[in-house]
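In the numbering used here, the protein residues as written are 3 to 553.
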């Protein structure tokens with residue numbers, strides 16, 4: 003444990019932020035997984051960001067500045083020259099001209115020469131130095147970042163370490179803008195770099211094609227892939243580490259007619275800190291899911307396309323269940339996030355460790371709760387159903403368009419109807435929608451007739467003549483998109499006695515949904531409309547990801 007973490011533990015104990023037992027558990031974890039104490043406390047939801055910030059500020063003996071609730075303007079931030087702002091990681095937080103006082107915030111208030119440099123810069127004012135969280139400092143240092151292509155040109159002109167430096171710039175930007183994927187798409191003369199941010203691809207920059215081979219080889223070497231293979235698909239993984247930033251990346255390379263295309267999936271560590279509340283569940287949905295998760299046995303299925311947040315939902319359920327009295331075991335492909343107290347198994351096709359074979363072994367390991375990353379085939383489905391039938395709570399994901407489609411699909415996989423009816427507890431379908439940026443959100447007045455003309459699918463959900471909706475203008479915070487971050491919309495079917503009887507008759511998707519609706523189930527679209535009305539997202543975004551309600 004480093005000096006900063008030791009100081010922080012002393013403050014947390016002294017100021018009663020945490021008990022001695024909580025501190026000891028934290029030390030064990032950060033020693034084992036080699037992460038900082040602050041990251042652990044946030045990931046485990048032991049402290050909020052504000053409380054953590056205040057505690058760290060106390061360890062430095064300064065005040066805490068919350069850059070989230072009191073975000074300084076770009077004009078104010080840019081008052082400090084870029085070189086000084088980056089070297090000392092400092093932000094001009096506030097300036098009081100009447101009192102001739104400026105407040106500068108940084109994530110290291112005790113660094114050498116900081117006070118001297120600031121005294122020179124603000125010679126006519128009193129300088130107050132405060133503390134802010136590293137992540138919040140990074141979010142504001144973005145104001146100084148030049149376009150990727152400008153930085154690429156400078157690196158290429160320098161003629162040294164071109165591939166490593168270009169990749170560093172790409173990874174830095176991807177992390178800064180919370181991209182989930184990085185695409186390298188080769189064309190005739192150049193390679194297009196695109197980021198998937200909040201589920202939507204956007205161009206980030208272009209690289210001359212003559213430099214792509216070195217970049218590609220570096221990615222392959224770091225991902226432990228063959229550099230002499232150019233005509234087969236390859237999958238691997240790498241870890242990016244620079245300064246205080248580190249994250250895991252999954253690598254996928256496929257040959258195209260213009261060269262090898264690379265997609266890098268960034269595995270966001272924040273997912274480990276998610277709980278059910280963070281997912282965006284409505285109170286009635288959260289109650290249903292919690293009740294199903296608290297049962298000693300049965301099956302909970304989460305459905306949706308790739309990238310719809312299914313794994314995040316399952317991890318949030320595991321977090322609810324995770325305690326020393328239960329044995330939780332998972333089999334995943336891949337294990338994306340390590341969870342303290344959970345036994346996680348990685349699928350390995352080279353050693354013939356498949357979902358089905360791994361699941362057979364798990365059942366013999368005296369588990370209470372089992373998570374299967376995905377039910378892909380009949381064998382896995384059969385073992386999963388039997389595990390749920392014999393006293394285990396089983397969680398898994400399943401590819402289906404909606405909750406009601408999952409049942410006929412499972413029956414098509416030769417699962418006996420009476421077994422499925424006996425084990426299924428709840429089916430969750432979900433999609434991710436972009437959230438309106440809170441920094442530039444504004445209200446829009448729209449008539450019922452406008453809704454009918456522009457959004458016919460949603461017409462029946464608005465009864466008022468004049469309706470208030472919300473949108474984002476576009477600003478620095480959201481990259482002028484009007485959206486910042488994502489939340490999920492849900493469709494949940496609870497398996498009641500009536501639905502169990504219906505499953506025994508091999509019902510169609512329509513029959514299942516009709517009964518579920520009578521019992522109070524709401525479609526993905528209906529749940530999305532609720533989020534439109536409360537200002538979380540827009541109708542355009544909802545219609546992009548969710549179909550109109552069934553009729």
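For every residue, glycine included, the Cβ atom is placed at its ideal position computed from N, Cα and C.
Following the DSSP letters along the chain, one finds residue 286 inside the alpha helix (DSSP H) bounded by residues 285–295. Residue 257 sits in a strand when the DSSP states are folded into three classes. Taking C-beta atoms under 8 angstroms as the contact rule, residue 495 and residue 429 qualify, at a distance of about 5 angstroms. Under a 10 Å Cβ-count criterion, residue 393 is classified as exposed, with fewer than 16 other Cβ atoms of the shown protein chains found around its own Cβ.
Residue 474 is classed as buried because its beta carbon has at least 16 other beta carbons within 10 Å across all chains shown.
By the neighbour-count criterion, in which 16 or more other beta carbons inside 10 Å mark a residue as buried, residue 99 falls on the exposed side. Just measuring C-alpha positions, the residue of 146, 73 and 314 sitting nearest residue 280 is 314.
Beta-carbon to beta-carbon, residue 209 and residue 173 are separated by about 14 angstroms, too far to satisfy the 8 angstroms threshold. Straight-line spacing of the CA atoms in residue 311 and residue 433 works out to 7 angstroms. When the five nearest sequence neighbours on each side are left out, no beta carbon in the same chain lies closer than 6 angstroms to the beta carbon of residue 503. Secondary structure note for residue 205: its beta strand (DSSP E) is the uninterrupted segment 202–210. Of the candidates 29, 136 and 28, 136 places its Cα closest to the Cα of residue 245. Contact between residue 133 and residue 79 does not hold, since the beta-carbon distance rounds to 17 angstroms and is not under 8 angstroms.
By the C-beta criterion, the segment 458–477 is judged not to be in contact with the segment 181–191, since fewer than 3 inter-stretch pairs fall below 8 angstroms. Look at residue 190 here: in three-state DSSP terms it is coil, with no helix or strand label.
A residue is called buried when at least 16 other Cβ atoms come within 10 angstroms of its Cβ; residue 229 does not meet this threshold and is exposed. Fewer than three Cβ pairs drawn from the segment 112–121 and the segment 25–42 lie within less than 8 angstroms of each other, which leaves the two stretches out of contact. Membership of residue 280 in any beta strand (DSSP E) is not indicated, and neither H nor E is assigned to it by DSSP. Check the Cα spacing between residue 182 and each of 390, 249 and 94: the tightest is with 249. Following the DSSP letters along the chain, one finds residue 244 inside the beta strand (DSSP E) bounded by residues 236–244.
Only residues of its own chain outside the window of five on either side were considered, and among them 25 have a CB closer than 6 angstroms to the CB of residue 11, listed in chain order.
With contacts defined as CB atoms closer than 7 angstroms, residue 19 and residue 57 qualify as a contacting pair.
Here DSSP, grouped into helix, strand and coil, assigns residue 231 to coil.
Taking a 10 Å sphere around the C-beta of residue 435, we find 16 or more other C-beta atoms and assign the residue as buried. The segment 375–394 and the segment 417–429 touch, with three or more beta-carbon pairs separated by less than 8 angstroms. According to the DSSP assignment, residue 167 belongs to no beta strand (DSSP E) but to the alpha helix (DSSP H) extending over 164–178. By the 16-neighbour rule on beta-carbons within 10 angstroms, residue 197 is buried. Counting the other Cβ atoms within 10 Å of the Cβ of residue 295 gives 16 or more, which makes it buried. From the listed residues 464, 239 and 193, the smallest Cα separation to residue 262 is found for 193.
DSSP places residue 372 inside the beta strand (DSSP E), whose first and last residues are 371–374. Just so you know, the alpha carbons of residue 147 and residue 164 end up roughly 19 angstroms apart. The beta carbon of residue 62 is closer than 7 angstroms to those of 111, 112 and 133 in its chain, skipping five residues each way along the sequence.
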